[in-house]
Amino acid sequence: MDGRSLLVSDVDYTLLGDDAATRRFAQWVERNRQRVLVAYNSGRFVESVAQSIAETDLPMPDAIIGGVGTQIVFPGSNSLLDNWPGAKGWNATFIREALSQRPELTLQPEHLLSDHKVSFYGYDLPEGYVEDVTRELKEHGLSVKVVYSSQRDLDVLPAGTGKGLATVKLAEHYGINAKNVIVAGDSGNDLAMFQQGFRGVVVANAHTELKALRGKNIFHAKEAFAAGVLEGVQHWL
């Protein structure tokens, strides 16, 4: 890849949430198409993100990562990234049945589930709960990644996926070095993006999980939503 950078941002409450800021972000993207590739990285599935693009001022991205890192799609050609995700040691049916026995968890509606994403509502789960769920599933021979965010959403994914590793895979696909990747987010399911050696932007309206981040690659924006993303991108570029 040439000297271009890659911006990978969450959508809800990061790029969306302030319509005027979203429009400014779209204008910035159009001015910088030649030097910055843009990808959206959402907990929602790609089809839902595409609907938001159609209904808001979000600009068309070069790629969409959906389903908490279980989908990577290139909307220009409507093609999928080859061999993603891997699903060795994965059994969605068993995970649904096993975790539905836990009184703290409620299976999310079918439109929020897929063959590679099993999601539950679990409000204010105690410390250590995610580790306990992970241990239970591993004892049944499953290879999983469990993500808990916003004190509500518990997502079970195949190991080797998630928002962070999907971003790594996309950067590799484009041949872009980690130092030229910028990630932005607001909640706990974005945390993995900030743990891959990329340059990070935490928007001002972020949840505690991200506001606690510190380090030379972490920029805490003073602005919220898309205005914060722009503030961070301009800082890093």
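Numbering-wise, the sequence shown is residues 777 to 1013 according to our numbering. Quick reminder that beta carbons are idealized off the backbone N, C-alpha and C, glycines included.
Secondary structure at F850: strand, using DSSP grouped into helix, strand and coil. Between F974 and N993 the beta-carbon gap is near 7 Å, inside 8 Å, which marks them as a contact. For A960, there is no enclosing alpha helix (DSSP H); the enclosing beta strand (DSSP E) has its first and last residue at V957 to G961. Take the alpha-carbon of V932 and the one of A988: they are about 24 Å apart.
For F995, the enclosing beta strand (DSSP E) has its first and last residue at I994 to H996. Excluding residues up to 5 positions away in sequence, Y816, N817, S818, R820, V825, S828 and L834 lie with their Cβ nearer than 8 Å to the Cβ of V787 in the same chain. Of the candidates G961, G862 and E806, E806 places its Cα closest to the Cα of P837. A straight-line Cα-Cα distance of about 35 Å links Q803 and L930. Bridge partners of D908 according to DSSP: none are assigned. Secondary-structure assignment with DSSP links T937 through no beta bridge to anything.
Taken atom to atom, the span from the alpha-carbon of K998 to that of H1011 is near 12 Å.
Spanning the alpha carbons of F970 and S876 requires a straight line of approximately 31 Å. Within the same chain, Cβ atoms closer than 8 Å to the Cβ of R811 are found at G779, R780 and S781, the five residues on either side in sequence being excluded. Annotated three-state conformation of V920 is strand, per DSSP.
F896 is bridged by DSSP to L883 and L930. Short of 7 Å from the beta carbon of D891, and not among the five residues preceding or following it, lie these beta carbons of its own chain, in chain order: A868. Listed in chain order, the alpha helix (DSSP H) runs fully inside the stretch 779–855 are 795–807 and 822–831, counting runs of at least 4 residues. In this structure, the straight-line span from the alpha carbon of L856 to that of V849 is close to 5 Å.
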